[in-house]
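Asks: Position 26 of the sequence shown, counting from 1, maps to 26 under the UniProt record's numbering, and the rest follow consecutively. Beta carbons are placed, not taken as given, at the ideal position from N, Cα and C, and that holds for glycine. Please see the structure below; I have some questions.
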Amino acid sequence: MKNVQISYELFVSLLRYHLVEDDDCLNQIRQGLEQKLDSLVRHELYAKYKTAPTQEEREKARQEYLNRRGVLDSFRW
Numbered sequence: 001m002k003n004v005q006i007s008y009e010l011f012v013s014l015l016r017y018h019l020v021e022d023d024d025c026l027n028q029i030r031q032g033l034e035q036k037l038d039s040l041v042r043h044e045l046y047a048k049y050k051t052a053p054t055q056e057e058r059e060k061a062r063q064e065y066l067n068r069r070g071v072l073d074s075f076r077w
């Protein structure tokens, strides 16, 4: 099983939400988790790009990774 690290602020917000039942930090939690999920997806795409068995799969993963990163087509090689 893999471990995932989150920021201290997100951790504190999660504690406040679950232990103190403070609903005011719900938007912060949602944003933090969405950012973390995006980061994990980008990491998986990059790893797939580097380890894919065929050139076509590598190029597909590279293009998807660059799309997620927001790299413009004019800056790509």
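#1: Is it true that the CB of arginine 30 sits closer than 9 Å to the CB of tyrosine 65?
#2: Would you say the beta carbon of arginine 16 comes nearer than 8 Å to a heavy atom of the ligand SAM?
#3: Enumerate in chain order the residues of its own chain whose CB-to-CB distance from cysteine 25 is below 6 Å, with the five nearest sequence positions on each side excluded.
#4: Cutting at 6 Å between CB atoms, please list the residues of its own chain near alanine 47, excluding the five before and the five after it.
#5: Helix, strand or coil for glutamine 35? Go by DSSP, reduced to three states.
#6: Would you call leucine 72 buried or exposed, if buried means 16 or more other Cβ atoms sit within 10 Å of its Cβ?
#7: Given a cut-off of 9 Å, decide if leucine 45 and leucine 10 are closer than it, judged by their beta-carbon atoms.
Replies: Working from what's here:
#1: Position 65 of the sequence shown, counting from 1, holds the residue named residue 65. Position 30 of the sequence shown, counting from 1, holds the residue named residue 30. In this structure, arginine 30 does not lie closer than 9 Å to tyrosine 65 by Cβ.
#2: Among the components of this structure there are no ligands whatsoever, and the ligand SAM is therefore not found.
#3: Position 25 of the sequence shown, counting from 1, holds the residue named residue 25. Taken in chain order, the residues that qualify are Ser13, Arg16, Tyr17.
#4: Within the sequence shown, residue 47 is the residue found at index 47, counting from 1. Excluding sequence neighbours, alanine 47 sits near nothing in its chain.
#5: Numbered from 1 along the sequence shown, position 35 holds the residue referred to as residue 35. Note: glutamine 35 maps to helix in three-state DSSP.
#6: Translated into the one-based positions of the sequence shown, residue 72 becomes position 72. With fewer than 16 neighbouring CB atoms inside 10 Å of its own CB, leucine 72 falls in the exposed class.
#7: The residue given as residue 10 occupies position 10 in the sequence shown. The residue given as residue 45 occupies position 45 in the sequence shown. The answer is no: Cβ separation not under 9 Å.
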